[in-house]
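Engineer: Before we start, here is the structure in question, set down as structure tokens.
Chains as they are written, first to last, in this note's numbering: chain A, 226 to 565; chain B, 3 to 268; chain C, 37 to 331.
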């Protein structure tokens with residue numbers, strides 16, 4: 226590993242740890258008093274939004290394709306993980322961390338499997354057509370979940386449809402670490418030969434193939450990874466909210482995710498990481514003060530989205546990344562130059 | 003020396019129909035080791051279509067083509083590249099929003115071995131391979147005097163340099179045959195001269211055979227050993243530059259028969 | 037047998053609603069290569085216009101079909117405004133921007149309606165009180181037959197308009213080649229606006245048909261109905277006017293038959309499954325033309 230990268234990684238790890246400590250300070254020390262639980266919830270929501278928005282950005286920003294069905298993959302992760310943990314808790318007593326780990330792994334795997342199954346045929350299409358297929362897949366998932374209940378061999382519960390009593394194990398400590406790992410994986414993926422191949426496909430599919438890139442395989446792989454992280458986000462959501470309703474995962478939800486990606490800046494992980502928690506928590510915070518605000522939330526989003534498209538179609542970050550290490554290291558270098 | 007006699011590229015009555023239209027018909031081309039072959043013909047004669055057939059972008063409806071004796075029909079574009087045919091495009095197709103260096107590194111991808119796990123965990127092997135690939139890419143860029151642009155977006159390169167970058171990218175795939183589609187198109191005389199030098203350098207340094215589509219006749223005539231002339235999707239003539247320059251059919255195809263309108267015969 | 041006839045009639049009725057809506061999608065897509073996600077919401081706007089104007093007409097003693105005229109005016113207004121305010125500025129910015137803008141406009145209308153009308157479903161008062169009619173033993177509500185007839189007549193008029201009038205010919209020419217259209221003196225911007233106006237007008241008629249048959253409307257109507265109408269447009273071959281009609285009718289019939297005979301709960305899943313299969317097997321739809329990329 227180049228020396229400079231070691232330095233950069235160190236700075237990033239420190240920054241991640243500092244944020245973690247701040248969160249702990251806020252929520253675990255009683256600093257926020259009785260409101261801690263409320264803000265804690267907002268942060269947790271913000272974090273699973275961040276995971277799913279980043280996963281969608283992987284498609285939108287780096288592969289150059291749209292998914293308007295990410296809520297569908299999220300719901301697969303949510304239901305699969307909830308079914309798994311509910312069945313498991315019926316039989317054995319597990320610690321919350323163990324249940325949480327099982328949930329995110331099952332959620333991610335289930336969504337990844339559906340992602341491959343959908344991706345292999347669907348990714349022969351691109352652009353508007355692919356976008357519509359993702360809508361269709363999400364709608365199929367939603368319709369099926371709304372109508373079909375699964376009865377396990379043992380126990381009386383019916384899964385599917387509306388589904389309550391899921392173990393609440395999405396503790397924000399776990400979720401924060403999960404989020405950091407998910408983002409790190411996606412970031413490393415983009416900054417590897419796989420990511421390079423992916424971006425080349427976005428830039429010019431035919432030239433990428435003529436440079437030896439297996440376009441279909443790269444796209445399916447990326448689509449699967451994206452679906453998997455959507456599934457992880459779904460698992461976190463299920464084990465935070467504890468009650469699943471299929472209609473939550475509708476077209477509007479998918480549109481909301483896409484809107485956040487675009488507003489943050491398609492092709493900028495930084496944009497997603499900043500936009501997701503703000504846009505998921507801000508409306509809640511405002512409605513905390515103005516109760517009427519809830520119904521205006523999506524309208525304001527939508528108007529902002531259209532206005533941004535007209536005046537700055539690249540979004541907040543416009544494909545650029547913010548790097549704390551670069552900022553610090555560049556700052557140091559400049560200082561040195563001044564001294565010498 | 004039997005191997006010497008196997009053509010690097012051989013097409014056997016290669017053809018493709020779009021709807022009822024025979025865009026390319028019964029094309030037989032042979033290219034041997036180290037040769038620089040020109041493919042010329044009027045606009046719409048089917049030259050680029052032949053490239054698209056050979057690189058798996060279109061599937062031929064008739065005939066077949068062989069690379070070093072190996073039948074290539076039915077391979078997808080990236081598989082064709084794996085086998086060893088690289089190409090450039092008539093209307094430059096660079097990865098515009100990627101750096102010049104990354105444009106070349108993409109083409110090295112097929113020979114890179116770091117798997118998904120290694121790439122995400124960033125094992126020492128990942129870093130070593132990235133480092134090596136960057137070096138190899140920089141060496142290629144140096145050949146075309148592009149090393150100074152390595153960190154710039156490809157779209158910001160001057161036009162002539164973009165053409166050269168496309169050739170550099172094609173070379174990175176480590177091919178047995180290079181297809182150049184109108185590399186001099188839109189170039190000024192200085193850039194064309196630079197291109198000519200680059201092509202000469204390629205042949206001396208790598209010894210790879212090249213199939214060249216070009217409209218710039220002086221360029222084709224001065225550097226190609228043999229020339230195929232394509233008209234209405236069929237080979238009209240082939241031979242040395244001198245033979246082609248003297249061929250009556252070729253002159254007719256380019257200038258039209260005197261008693262007919264331009265390009266009027268079917 | 038009676039059940040089948042009944043189902044077919046309902047299917048045709050639903051199908052013609054889809055068809056009228058799909059026409060809006062397909063004409064806009066044909067001309068500017070953009071999925072106008074907001075189109076479904078135009079129907080919602082039409083529905084709410086009817087909800088508010090029908091009682092007014094009743095109170096004033098005016099004929100109720102004036103409410104439809106009002107709905108058409110409002111829808112055309114909304115459609116043209118959407119095009120002028122949001123879509124025109126982003127034209128030429130690439131398909132990504134267009135897609136997101138359309139999605140944004142859809143969300144604006146849907147959530148604007150949420151703010152203005154609330155989230156509770158509304159029942160649109162009936163416009164016609166027609167007797168139930170017996171056809172081969174099957175009893176069909178009169179308004180179903182009437183709206184079906186209106187739908188068919190509108191489609192025939194539209195087909196004739198596009199085929200024979202100068203404006204219609206221009207509308208066909210622009211998708212073929214924008215530059216050439218400009219050269220022969222067609223004002224492309226004007227044609228695009230007119231296309232939106234016609235599409236929105238059709239949406240208003242579709243909303244009349246929808247509310248007559250299904251009564252209840254809410255702000256999310258645009259998404260559910262719009263998505264399926266878009267499916268119909270893709271099914272028939274996006275960009276093809278005849279395809280939208282065929283696709284719409286076909287989808288309506290299939291959907292009702294599946295609902296009645298096979299999967300009452302999950303019939304919608306079949307609709308989307310059909311879409312996926314069609315896109316994979318024949319991406320250009322039943323009557324669409326293939327567009328290939330130049331290499």
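Note that CB positions come from ideal geometry on N, CA and C, so glycine has one too.
Please classify residue 523(A): is it buried, with 16 or more other beta-carbons within 10 angstroms of its beta-carbon, or exposed?
Structural biologist: Mapped onto the first chain, residue 523(A) falls at position 298. That one is buried.
Engineer: Could you tell me which uninterrupted alpha helix (DSSP H) segments, each at least 4 residues in length, are contained entirely in the segment 230 to 315 of chain A, listed from first to last along the chain?
Structural biologist: 261 to 282
Engineer: Assign residue 478(A) to buried or exposed, taking buried as 16 or more other Cβ atoms, counted over all protein chains shown, within 10 Å of its Cβ.
Structural biologist: What you label residue 478(A) is simply residue 253 of the first chain in a count that begins at 1. Under this definition residue 478(A) is a buried residue.
Engineer: Check whether the Cβ atoms of residue 148(B) and residue 163(B) sit closer than 8 Å, and answer yes or no.
Structural biologist: Taking the first residue of the second chain as position 1, residue 148(B) is located at position 146. Taking the first residue of the second chain as position 1, residue 163(B) is located at position 161. Yes.
Engineer: Taking Cβ positions only, does residue 280(A) come closer than 8 Å to chain B?
Structural biologist: Counting from one through the first chain, the residue named residue 280(A) turns up at place 55. Cβ-Cβ to chain B under 8 Å: no for residue 280(A).
Engineer: What residue range is occupied by the uninterrupted alpha helix (DSSP H) comprising residue 414(A)?
Structural biologist: On the first chain, residue 414(A) is found 189 positions in, with the first residue counted as 1. First-last of the alpha helix (DSSP H) with residue 414(A): 397 to 415.
Engineer: Please confirm whether residue 394(A) and residue 469(A) have their CB atoms less than 8 Å apart.
Structural biologist: Here the question's residue 394(A) lines up with position 169 in the first chain. Here the question's residue 469(A) lines up with position 244 in the first chain. Not closer than 8 Å, so no.
Engineer: Per DSSP, residue 40(B) forms a beta bridge with which residues?
Structural biologist: Along the second chain, one-based indexing puts residue 40(B) at 38. For residue 40(B), which the question treats as bridged, DSSP gives the partners 214(B) and 229(B).
Engineer: Give the single residue among 304(C), 138(C) and 215(C) whose Cα lies nearest to the Cα of residue 528(A).
Structural biologist: Along the first chain, read from residue 1 onward, the residue named residue 528(A) stands at position 303. When only C-alpha atoms are compared, the closest one is 138(C).
Engineer: Between the segment 398 to 418 of chain A and the segment 53 to 61 of chain B, do three or more beta carbon pairs fall short of 8 Å?
Structural biologist: Segment contact: the segment 398 to 418 of chain A against the segment 53 to 61 of chain B, fewer than three CB-CB distances shorter than 8 Å; contact not assigned.
Engineer: Looking only at its chain, what residues have a beta carbon closer than 6 Å to the beta carbon of residue 74(B), apart from the 5 residues adjacent to it on each side?
Structural biologist: Looking up residue 74(B) in the second chain gives position 72. Cβ neighbours of residue 74(B) beyond the five flanking positions: 67.
Engineer: Work out the CA separation of residue 255(A) and residue 403(A) for me, nearest whole Å.
Structural biologist: Position 178 of the first chain, counting from 1, holds the residue named residue 403(A). Position 30 of the first chain, counting from 1, holds the residue named residue 255(A). Answer to the nearest angstrom: the Cα atoms are 24 Å apart.
Engineer: Strictly under 8 Å for the Cβ-Cβ distance: is residue 364(A) near chain C by that measure?
Structural biologist: Stepping through the first chain from its first residue, residue 364(A) is reached at position 139. Output row for residue 364(A): interface = yes.
Engineer: Find the nearest neighbour of residue 299(C) within the set 373(A), 418(A) and 390(A), judged by alpha-carbon distance.
Structural biologist: Stepping through the third chain from its first residue, residue 299(C) is reached at position 263. The shortest Cα separation from residue 299(C) among 373(A), 418(A) and 390(A) belongs to 373(A).
Engineer: In the structure shown, what three-state DSSP assignment does residue 3(B) receive?
Structural biologist: The residue given as residue 3(B) occupies position 1 in the second chain. With a pLDDT of 41 at residue 3(B), under the threshold of 50, the predicted position of this residue should be treated as unreliable, though the coordinate-derived value follows. Coil at residue 3(B), not helix or strand.
Engineer: Just the Cα atoms here: how many angstroms apart are residue 47(C) and residue 264(C)?
Structural biologist: On the third chain, position 11 is the one that residue 47(C) refers to. On the third chain, position 228 is the one that residue 264(C) refers to. Each residue's Cα considered, the two are about 14 Å apart.
Engineer: Taking the alpha-carbon of residue 60(C) as reference, which of 304(C), 94(C), 229(C) and 44(C) has the nearest alpha-carbon?
Structural biologist: Taking the first residue of the third chain as 1, we reach residue 60(C) at position 24. Ranking 304(C), 94(C), 229(C) and 44(C) by CA distance to the CA of residue 60(C) puts 229(C) first.
Engineer: What would DSSP say about residue 474(A), mapped onto helix, strand or coil?
Structural biologist: Counted from its first residue, the first chain places residue 474(A) at position 249. In this structure, DSSP gives residue 474(A) a helical state, which the three-state scheme calls helix.
Engineer: Can you find the residues in the same chain that come closer than 6 Å, C-beta to C-beta, to residue 194(C), ignoring five residues on each side of it along the sequence?
Structural biologist: In the third chain, the residue the question calls residue 194(C) occupies position 158. Nothing meets the Cβ criterion.
Engineer: With the cut-off set at 8 Å, would you say residue 445(A) and residue 488(A) are in Cβ contact?
Structural biologist: Against the first chain, residue 445(A) aligns to sequence position 220. Against the first chain, residue 488(A) aligns to sequence position 263. Not in contact: residue 445(A) and residue 488(A) (Cβ atoms no closer than 8 Å).
Engineer: Assuming residue 226(C) is part of the alpha helix (DSSP H), what are its boundary residues?
Structural biologist: Position 190 of the third chain, counted from the first residue, corresponds to residue 226(C). Its alpha helix (DSSP H) spans residues 224 to 250.
Engineer: Report the rounded CA-to-CA distance for residue 298(A) versus residue 340(A), giving the unit in angstroms.
Structural biologist: Within the first chain, the letter at position 73 stands for residue 298(A). Within the first chain, the letter at position 115 stands for residue 340(A). One C-alpha to the other measures close to 8 Å.
Engineer: Quick check: what's the CA-CA separation for residue 12(B) versus residue 227(B)?
Structural biologist: Here residue 12(B) refers to the residue found at position 10 when the second chain is read from its first residue. Here residue 227(B) refers to the residue found at position 225 when the second chain is read from its first residue. In this structure, the CA atom of residue 12(B) is about 17 Å from the CA atom of residue 227(B).
Engineer: Under 8 Å by Cβ, that's how I've got residue 151(B) and residue 145(B) pegged, so tell me the actual separation to the nearest angstrom.
Structural biologist: Within the second chain, the letter at position 149 stands for residue 151(B). Within the second chain, the letter at position 143 stands for residue 145(B). For a cut-off of 8 Å, the C-beta gap from residue 151(B) to residue 145(B) is around 13 Å, too long to register as a contact.
Engineer: Closer than 7 Å between beta carbons: that is the criterion. Which residues of the segment 293 to 325 of chain C meet it against chain A?
Structural biologist: 301, 302, 304, 305, 308, 309, 311, 312, 315, 316 and 319
Engineer: Do residue 367(A) and residue 439(A) have their CB atoms nearer than 8 Å?
Structural biologist: Counted from its first residue, the first chain places residue 367(A) at position 142. Counted from its first residue, the first chain places residue 439(A) at position 214. In this structure, residue 439(A) does not lie closer than 8 Å to residue 367(A) by Cβ.
Engineer: Within 10 angstroms of its Cβ, does residue 3(B) collect 16 or more other Cβ (buried), or is it exposed?
Structural biologist: One-based indexing of the second chain puts residue 3(B) at position 1. Confidence at residue 3(B) is low in this model, with a pLDDT of 41, below 50, so the placement of that residue is unreliable and no value is reported for it.
Engineer: Going by DSSP in three states, residue 60(B) sits in which element: helix, strand or coil?
Structural biologist: Here residue 60(B) corresponds to residue number 58 of the second chain, with the count starting at 1. In this structure, residue 60(B) counts as coil in the three-state DSSP scheme.
Engineer: Considering only residues of the same chain and omitting the five flanking positions on each side of residue 262(B), which have a CB-CB separation below 8 Å?
Structural biologist: Translated into positions along the second chain, residue 262(B) becomes position 260. A caution first: residue 262(B) carries a pLDDT of 43, below 50, which makes its placement in the model unreliable, though a value can still be read off. No residues qualify anywhere along the chain.
Engineer: Can you pull the DSSP bridge partners for residue 240(B)?
Structural biologist: In the second chain, the residue the question calls residue 240(B) occupies position 238. Residue 240(B) is bridged to 230(B).
Engineer: If the cut-off is 7 Å on Cβ atoms, which residues from the segment 433 to 455 of chain A count as contacting chain C, listed in chain order?
Structural biologist: Listed by position, the residues of the segment 433 to 455 of chain A near chain C (Cβ gap below 7 Å) amount to none.
Engineer: May I have the straight-line CA-CA distance separating residue 189(C) from residue 238(C), to the nearest angstrom?
Structural biologist: Working through the third chain from its first residue, we reach residue 189(C) at position 153. Working through the third chain from its first residue, we reach residue 238(C) at position 202. Taking the straight line joining both Cα atoms gives about 12 Å.
Engineer: Run through DSSP, which three-state label would residue 322(C) get?
Structural biologist: For the purposes of this step, residue 322(C) is identified with residue 286 of the third chain, where counting begins at 1. Note: residue 322(C) maps to coil in three-state DSSP.
Engineer: Is the beta carbon of residue 314(A) sitting closer than 8 Å to the one on residue 328(A)?
Structural biologist: Indexing the first chain from 1 puts residue 314(A) at position 89. Indexing the first chain from 1 puts residue 328(A) at position 103. Their beta carbons are not under 8 Å apart, which means residue 314(A) does not touch residue 328(A) by this criterion.
Engineer: For residue 159(C), which residues from the same chain have a beta carbon less than 7 Å from its beta carbon, with the 5 sequence-adjacent residues on both sides left out?
Structural biologist: To locate residue 159(C), count along the third chain from 1; it is residue 123. Result list for residue 159(C): 251 and 252, in chain order.
Engineer: Taking 8 Å as the CB-CB limit, is residue 261(B) close to chain A?
Structural biologist: For the purposes of this step, residue 261(B) is identified with residue 259 of the second chain, where counting begins at 1. Confidence is the limiting factor: at residue 261(B) the pLDDT is only 48, short of 50, which leaves the residue's position unreliable, though a coordinate-based value still follows. No, no contact with chain A.
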